[in-house]
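These protein sequence lines are chains C and Y, in that order. If you count the first sequence from 1, you need to add 5 to reach the working numbering. If you count the second sequence from 1, you need to add 5 to reach the working numbering. Data first, discussion second: the structure below is written as structure tokens.
2 protein chains.
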Amino acid sequence: MFVEGVHFDLGWMTAEDAGWRSLALALGDLAAKGAQPGWALAALAVPKGWTVEQVSGLYSGMHALAGRWQMPIAGGDMSAIDGPAVLSLTVAGRTSKRPLGRWEARPGWAIAVTGPLGAAAVALRGRRAHRVEPLIESGRRLNELGLCCGDISDGLVREMEKFAAMSGAGSIIQADLVARAAGASLEDALTSGEEAELVCVGPRDMVLGAGLSIVGETIPDRAVKLVGASLQSTGYDHFGRAAQ
Amino acid sequence: MFVEGVHFDLGWMTAEDAGWRSLALALGDLAAKGAQPGWALAALAVPKGWTVEQVSGLYSGMHALAGRWQMPIAGGDMSAIDGPAVLSLTVAGRTSKRPLGRWEARPGWAIAVTGPLGAAAVALRGRRAHRVEPLIESGRRLNELGLCCGDISDGLVREMEKFAAMSGAGSIIQADLVARAAGASLEDALTSGEEAELVCVGPRDMVLGAGLSIVGETIPDRAVKLVGASLQSTGYDHFGRAAQ
Chain C
6 MFVEGVHFDL GWMTAEDAGW RSLALALGDL AAKGAQPGWA LAALAVPKGW
56 TVEQVSGLYS GMHALAGRWQ MPIAGGDMSA IDGPAVLSLT VAGRTSKRPL
106 GRWEARPGWA IAVTGPLGAA AVALRGRRAH RVEPLIESGR RLNELGLCCG
156 DISDGLVREM EKFAAMSGAG SIIQADLVAR AAGASLEDAL TSGEEAELVC
206 VGPRDMVLGA GLSIVGETIP DRAVKLVGAS LQSTGYDHFG RAAQ
Chain Y
6 MFVEGVHFDL GWMTAEDAGW RSLALALGDL AAKGAQPGWA LAALAVPKGW
56 TVEQVSGLYS GMHALAGRWQ MPIAGGDMSA IDGPAVLSLT VAGRTSKRPL
106 GRWEARPGWA IAVTGPLGAA AVALRGRRAH RVEPLIESGR RLNELGLCCG
156 DISDGLVREM EKFAAMSGAG SIIQADLVAR AAGASLEDAL TSGEEAELVC
206 VGPRDMVLGA GLSIVGETIP DRAVKLVGAS LQSTGYDHFG RAAQ
């Protein structure tokens, strides 16, 4: 669900950008599970102030991205709203094998990311429309190798908390191993959400074989711990996490 | 998609009622196609002013209805919104045979409804929470008999316009044959949306065999025509439809 003013802002992005971006983020869930996009449903609440061009722009942006996988926007719904626009997307995909769920993560596995993090935070700060590219092909390959992946919708650290909550296996993240996108601070890299990159966990050899950059490992303790002097000094205590 | 202030109003219904009602209306689409409920996804944008009790009440209302078919609310999403609440529901179901689409309607078929219409308009006028019962079992039976059905989400007349737009077959509706719910006017019966009842079309013998009340027939002309002196006098011209 994408809410105007929360997830997108037509003050500094076009409706096309907002449509693209929303569908791209929804497809991030499919990418994380190694699924090929099948179809999408789009429900839209339209504010009175919107123009027909804005509504059709939003759909154009979605169609432009969906077309890459011949993914039909197979249905949906439209309503008026006395408030901000709300776009609700449901996407369905298909995998060749059952993807691992977060609850199946085991302690002692390596944690890796598919690329540098923080690009979304940098784009947001610069009020620059950022056409996220969902990593459908990478996600398929990584899942087929047997890795357990998640999208980074709420930041890397938050993502590892989800793994911990569902599997019981926490994490130690080596902050200095987390590659940063151009212009991104360490805080951006660790906390920026709505990232295109995926985080994957699995046995160390499997992760190395996949060509990913290791940033930490899972542990028997349910906590998510950050290692790195720079972090202690930049005040990451407000996450309520132990810094070593 | 159900928008607070458009589709539900917590000023005179509980959050449980709103949740029930929204899921019931979403299930109306499955009922129309003869599908057994499978699973639902619920995405919710929550206004700052809502209480935890309201959020959980909304889900309770949905769960109470979903439980009838052991239908899991299998996932979803939640976001904040600076505006009215928005609930977006996706429901999936399964049919034993392919249901007929609206585009498959043929001229000369009978049009029938499953029961009296206008109850939703009466409830709305009285600001009375109205727990719509989705006609899942009736819908299954009618589809298995071979009828082509639709839910009445935007009123009977509007529904026949959808049939006309998709099949090329318009309708003649005999207004005096449309049974009215208690307290409903003829206008209510013809235009009230968010009804639980279904409208079905099919060969006359099939419709009679199904035990439905015939209210008109489909015609080769794409127009939707209303027959009944009372209609001409109550000003149905504003629909842009020819009254005979």
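Positions of the beta carbon are idealized from the N, C-alpha and C atoms, including for glycine.
Separation of I78(C) from A247(C), as counted between CA atoms: Note that A247(C) has pLDDT 40, beneath the 50 cutoff, so the model's placement of it is unreliable and the number below is only indicative. Rounded to the nearest angstrom, the two C-alpha atoms are 45 Å apart.
Contact check, R209(Y) vs W114(Y), beta carbons under 9 Å: yes
C-alpha distance - G10(C) paired with G160(C), whole-angstrom precision: 19 Å
Contacting residues, own chain, Cβ-Cβ under 6 Å from W17(C) (five flanking each side not counted): R132
Selected residue, minimal CA-CA separation from G43(C), among Q75(C), G24(C) and E149(C): Q75(C)
Beta-carbon proximity of P104(Y) to A201(Y), cut-off 9 Å: no
Residues from the region 79–103 of chain C in contact with chain Y, defined by Cβ distance under 8 Å: D82, M83, S84, A85, I86, D87, G88, P89, V91, S93 and T95
Sub-9 Å separation of W84(Y) and M67(C) beta-carbons: Per the sequence shown, the amino acid found at residue 84(Y) is Ser instead of Trp. Cβ atoms of S84(Y) and M67(C): not closer than 9 Å.
Closer than 9 Å at the beta carbon, the chain Y residues around G10(C): I86, D87 and G88
Positions along the region 159–185 of chain Y whose CB lies within less than 8 Å of some CB in chain C: none
Neighbourhood of V91(Y) by C-beta, 6 Å cutoff - its chain only, sequence neighbours within 5 removed: V8 and A50
Straight-line Cα distance separating G120(C) from Y135(C): Residue identity differs from the one stated: residue 135(C) is His in this sequence, not Tyr. Whole-angstrom Cα-Cα distance: 16 Å.
Neighbour flag for A23(C) against chain Y, beta carbons, 9 Å: no
Three-way DSSP call (helix, strand, coil) for A174(C) in this model: coil
Rounded separation between T239(Y) and D22(C) - CA only: Low local confidence applies: a pLDDT of 30 at T239(Y) is under 50, so the model's placement there is unreliable, with the coordinate-based value given in what follows. Their Cα atoms are separated by approximately 47 Å.
First and last residue of the uninterrupted beta strand (DSSP E) at E222(Y): S218 to I224
Selection from L195(Y), V183(Y) and L191(Y) that minimises the alpha carbon distance to R163(Y): L195(Y)
Alpha carbon of L15(C) to alpha carbon of S27(Y), nearest angstrom: 29 Å
Contacts that L63(Y) makes with chain C (C-beta to C-beta distance below 7 Å): None at all; the shortest Cβ gap to chain C is about 14 Å.
Chain Y contacts from the region 120–134 of chain C (Cβ-Cβ distance under 8 Å): none
Residue(s) in a DSSP beta bridge with I157(C): The partner list for I157(C) (beta bridge, DSSP) is empty, contrary to what the question assumes.
Below-9 Å beta-carbon distance, R46(Y) vs any chain C residue: The question names Arg, but residue 46(Y) is Leu in the sequence shown. For L46(Y), the answer is yes, since a Cβ of chain C falls inside 9 Å of its Cβ.
Rounded C-alpha distance that separates E166(Y) from S65(C): 27 Å
Straight-line Cα distance separating K53(Y) from H12(C): 16 Å
Cβ-Cβ distance between R146(C) and G39(C) below 9 Å: yes
Chain C contact for M76(Y) (CB, 9 Å cutoff): no
Same chain only: Cβ atoms within 8 Å of G144(Y), ignoring 5 sequence neighbours per side: L35, A36, A37, K38, G39, A40, C154 and L203
Cβ-based neighbour list, A71(C), same chain, cut-off 8 Å, excluding 5 preceding and 5 following: L28, P42, A45, P77 and I78
Integer-rounded CB distance, given that I224(C) should sit under 8 Å from G175(C): 5 Å
G88(C) versus A20(C): straight-line alpha-carbon distance, rounded: 17 Å
Local Cβ density within 10 Å of E199(C), reported as buried at 16 or more and exposed below that: buried
Span of the alpha helix (DSSP H), counted from its first residue to its last, around G33(Y): A20 to A37
G125(C), enclosing alpha helix (DSSP H) - first and last residue: The displayed chain sequence assigns Ala, not Gly, to residue 125(C). Its alpha helix (DSSP H) spans residues A124 to R130.
Limits of the beta strand (DSSP E) - the one that Q41(C) falls within: Q41 to P52
Closer than 9 Å to chain Y by CB, M67(C): no
E171(C) versus V60(C): straight-line alpha-carbon distance, rounded: In the sequence on display, residue 171(C) carries Met and not Glu. C-alpha separation (whole angstroms): 38 Å.
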